[in-house]
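Contents: one structure, followed by commentary.
2 protein chains.
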Amino acid sequence: MEEKDSFNHLPHKTIARLSQYRRALLLCLSRGKSHIFSHEIATIQHITPVQVRRDLMLIGYSGTLRKGYNIRELIDLIGNIIDSDEGIKVAIVGMGNLGRALINYFSGKRHKLEIVAGFDTNPDKIGNTMNGVPCYPAERMKEIIEREKIEIGIITVPAQNASQTANELVAAGIKGLLNYTPKPIDVPDYVYLEEYDMITTLEKVAFYVKMRQSEEESNKK
Amino acid sequence: MEEKDSFNHLPHKTIARLSQYRRALLLCLSRGKSHIFSHEIATIQHITPVQVRRDLMLIGYSGTLRKGYNIRELIDLIGNIIDSDEGIKVAIVGMGNLGRALINYFSGKRHKLEIVAGFDTNPDKIGNTMNGVPCYPAERMKEIIEREKIEIGIITVPAQNASQTANELVAAGIKGLLNYTPKPIDVPDYVYLEEYDMITTLEKVAFYVKMRQSEEESNKK
DNA sequence: TTTGCCTTGTTATTTAATTAACAAATAAAA
DNA sequence: TTTTATTTGTTAATTAAATAACAAGGCAAA
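Chains as they are written, first to last, in numbering that gives the first Met the number 0: chain A, 0 to 220; chain B, 0 to 220.
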């Protein structure tokens with residue numbers, strides 16, 4: 000208990016990187032590697048070796064000098080930190096292209112984190128199964144989330160339905176939400192919320208592309 | 000020229016928020032509103048009024064005291080900053096579920112930023128049109144990107160093809176890349192790169208959900 | 001054995017972003 | 001007319017994150 004508490008002040012960015020380190024490490028392990036240096040991890044992730052070492056320091060893992068980190072041990076440790084012992088169930092609301100894309104990404108990958116239900120209002124989709132994930136009618140959201148003890152919801156409905164969907168998920172007792180619509184949603188404090196807006200991301204890329212071009216032009220002069 | 004340069008030190012987060020403010024403002028405008036207060040924008044975006052005012056200060060926009068900001072003017076100013084005068088063309092590589100989801104999100108929305116081509120290797124998809132976006136064979140990437148003067152590429156191929164796709168896009172002269180595969184890619188300095196990893200995001204949500212639960216438990220004791 | 005080279009682990013510094021604090025302006029109310 | 005409430009704009013302080021700096025350990029080669 001006390002140990003686990005020590006991880007709740009890890010920087011958000013470190014949590015994200017740990018997840019990425021683990022995937023890279025699993026790949027290395029499958030290729031027969033047993034140890035890895037911080038600069039190797041850094042190269043794979045396109046970050047600096049210092050940042051890798053600092054992250055590992057924060058989770059209290061020590062490598063061996065001149066031999067690097069034990070890949071198997073590190074994978075296990077990261078799992079202890081970021082995975083839930085019992086596993087966490089996830090539901091996707093909105094089985095359009097984005098919802099299905101997410102299911103494909105996840106299918107059979109992470110066993111501690113499983114997408115167990117999809118919801119939609121389209122009668123053509125209801126009753127079908129996508130990559131092993133059954134699609135239920137939106138009206139049954141509360142019932143199924145409670146029955147299956149689903150704790151995380153991913154919102155991939157059209158933007159205009161985002162906030163209503165969020166409310167329904169919260170009412171159903173969801174603990175964490177991931178909102179992929181461009182419409183910001185409002186949830187109670189006890190629900191962890193992460194939002195990602197694809198339109199904004201693309202506009203940002205466009206801005207920096209433009210910015211660099213105009214910098215180049217003014218340098219030429 | 001000199002004015003534009005003044006925007007190249009805007010914080011990245013501010014750029015992202017400007018894009019979001021604009022969308023919110025367009026919605027308000029369409030409802031007949033002409034002015035808006037910082038705290039109204041803040042409520043819509045679930046941030047603080049101070050942050051809104053600070054962002055607007057950075058772009059040099061002044062509202063009128065006790066009347067707020069002129070929505071029309073502000074929309075135009077944000078456009079001047081983040082849009083490219085001539086517009087920027089975008090290509091999507093990988094017309095799977097995620098690629099199609101992005102096309103749906105964008106279709107007909109932002110006229111300064113247009114998805115004009117999709118690429119895939121699947122013969123069933125090649126030659127089709129999705130929401131007005133034609134799907135070309137991957138081999139024609141360079142040819143079409145050069146011909147259409149496409150500057151931004153979005154990578155939505157399977158992870159194992161990510162880096163090869165990135166190389167092809169860079170070779171074709173792309174200026175900005177948005178990588179949605181969980182595999183980090185490597186691009187030259189002159190290419191602006193943004194990466195987003197859905198698996199990591201979901202693992203992060205799961206971590207914080209778990210963390211809060213174990214905090215609650217230890218509080219009960 | 002000794003020297004030099006890597007590599008880790010940690011602290012210090014710098015940079016980025018958010019939040020707090022508050023002066024100034026002005027419309028509305030007293 | 002004077003006071004009060006509200007809202008903007010800006011500087012200062014705080015927090016979060018990344019980067020730099022460097023001591024210490026230990027293998028390999030001389």
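Note that CB positions come from ideal geometry on N, CA and C, so glycine has one too.
Which of helix, strand or coil DSSP assigns to GLY131 (chain A): In the structure shown, GLY131 (chain A) sits in coil (DSSP, three-state: anything other than H, G, I, E or B).
Which chain A residues are close to VAL115 (chain B), counting only those with a beta carbon under 7 Å from its beta carbon? The contacting residues do not exist; VAL115 (chain B) stays about 13 Å from chain A at best.
Quick check on ARG99 (chain B) - is its C-beta less than 7 Å from some C-beta in chain A? yes
Mind checking whether HIS34 (chain A) and LYS66 (chain A) have CB atoms under 7 Å apart? yes
Does DSSP put GLY78 (chain B) in a helix, in a strand, or in coil? Helix at GLY78 (chain B).
Chain A residues whose Cβ lies nearer than 8 Å to that of LYS124 (chain B): The premise fails here: LYS124 (chain B) is roughly 13 Å from chain A at the closest Cβ pair, so nothing lies under 8 Å.
Assess, as a yes-or-no matter, whether the region 166-173 of chain A is touched by the region 198-215 of chain A under the definition of 3 or more beta carbon pairs within less than 8 Å. Taking 8 Å as the limit for Cβ pairs, the verdict is that the region 166-173 of chain A does not touch the region 198-215 of chain A.
Give me, in chain order, the residues of the same chain whose beta-carbon lies closer than 8 Å to that of MET129 (chain B); leave out the 5 immediate sequence neighbours on both sides. MET94, ARG99, ILE102, GLY117
According to the neighbour-count rule (16 or more other Cβ atoms, all chains shown, within 10 Å of its Cβ), is SER18 (chain A) buried or exposed? buried
List the residues of chain B that MET94 (chain A) touches, going by C-beta distances under 9 Å, in chain order. Simply none; closest approach about 10 Å.
For VAL92 (chain A), does the three-state DSSP call read helix, strand or coil? strand
Unbroken alpha helix (DSSP H) run spanning LEU177 (chain A), endpoints: Taken as a continuous stretch (DSSP letters only), LEU177 (chain A) belongs to no alpha helix (DSSP H), being part of the beta strand (DSSP E) at 175-178.
Would you say the region 103-114 of chain B touches the region 129-144 of chain B, given that touching needs at least three Cβ pairs under 8 Å? yes
Output, in chain order, the set of chain A residues within a Cβ distance shorter than 7 Å of HIS45 (chain B). Neighbours of HIS45 (chain B) on chain A, chain order: PRO183, ASP185.
Between the alpha carbons of MET0 (chain A) and TYR191 (chain A), how many angstroms are there, rounded? Model confidence at MET0 (chain A) stands at a pLDDT of 37, short of 50, so the residue's coordinates are unreliable and nothing is read from them.
Please confirm whether ILE74 (chain B) and LEU24 (chain B) have their CB atoms less than 7 Å apart. yes
Can you tell me where the beta strand (DSSP E) with TYR191 (chain A) in it begins and where it stops? 191-194
Short CB-CB distance (under 7 Å) between ALA205 (chain A) and chain B: Chain B contact via Cβ: present.
GLU215 (chain A) versus ASN127 (chain B) - alpha carbon distance: 38 Å
Expressed to the nearest angstrom, what Euclidean distance is found between the alpha-carbon atoms of ILE70 (chain B) and ILE143 (chain B)? 39 Å
In the region 60-88 of chain A, which residues sit with their C-beta less than 7 Å from some C-beta in chain B, listed in chain order? ILE81, SER83, ILE87
Endpoints, beta strand (DSSP E) assigned at VAL186 (chain A): Neither: VAL186 (chain A) is in no beta strand (DSSP E) and is coded neither H nor E.
With a threshold of 7 Å between beta-carbons, can THR199 (chain A) be considered close to chain B, or not? yes
For the region 171-188 of chain A against the region 148-163 of chain A, are there 3 or more C-beta pairs whose distance is under 8 Å? With a cut-off of 8 Å on Cβ pairs, the region 171-188 of chain A is in contact with the region 148-163 of chain A, counting three or more such pairs.
Residue-chain proximity (LYS32 (chain A), chain B), Cβ-Cβ < 7 Å: Judged by the 7 Å Cβ criterion, LYS32 (chain A) is not in contact with chain B.
Please list the residues of the region 11-43 of chain A that have a C-beta atom closer than 8 Å to any C-beta atom in chain B, keeping them in chain order. HIS11, ILE14, ALA15, SER18, GLN19, ARG22, ILE43
Distance, ASN218 (chain B) Cα to VAL92 (chain B) Cα: 49 Å
For LEU112 (chain B), which beta-bridge partners are listed by DSSP? Looking at the DSSP assignment, LEU112 (chain B) forms a beta bridge with B:ILE87.
Using 10 angstroms around the beta-carbon of GLU194 (chain A), count the other beta-carbons present and answer buried if the total reaches 16, otherwise exposed. By the neighbour-count rule (16 or more Cβ atoms within 10 Å), GLU194 (chain A) is buried.
Using a Cβ-Cβ cut-off of less than 7 Å, give me the residues of the region 142-167 of chain B that come near chain A, in sequence order. GLU150, ILE151
Alpha-carbon spacing of LYS3 (chain A) relative to VAL208 (chain A), whole angstroms: Here the model assigns LYS3 (chain A) a pLDDT of 47, short of 50, so the residue's position is not dependable and the matter cannot be decided.
Measuring only between beta-carbons, confirm whether GLY172 (chain A) sits less than 7 Å from chain B. No - not a single Cβ of chain B is within 7 Å of the one on GLY172 (chain A).
What residues in the region 208-219 of chain B have a beta carbon less than 9 Å from any beta carbon of chain A? Taking 9 Å as the Cβ-Cβ cut-off, the region 208-219 of chain B approaches chain A at VAL208, LYS209, MET210, ARG211, GLN212, SER213, GLU214, GLU215, GLU216, SER217, given in chain order.
According to the Cβ coordinates, are LEU97 (chain A) and THR164 (chain A) closer than 7 Å? no
Is ASN121 (chain B) close to chain A, meaning its C-beta is less than 7 Å from at least one C-beta of that chain? no
With a 10 Å radius around its C-beta and 16 neighbouring C-beta atoms as the bar for buried, classify LEU64 (chain B) as buried or exposed. Around the CB of LEU64 (chain B), fewer than 16 other CB atoms lie within 10 Å, so the residue is classed as exposed.
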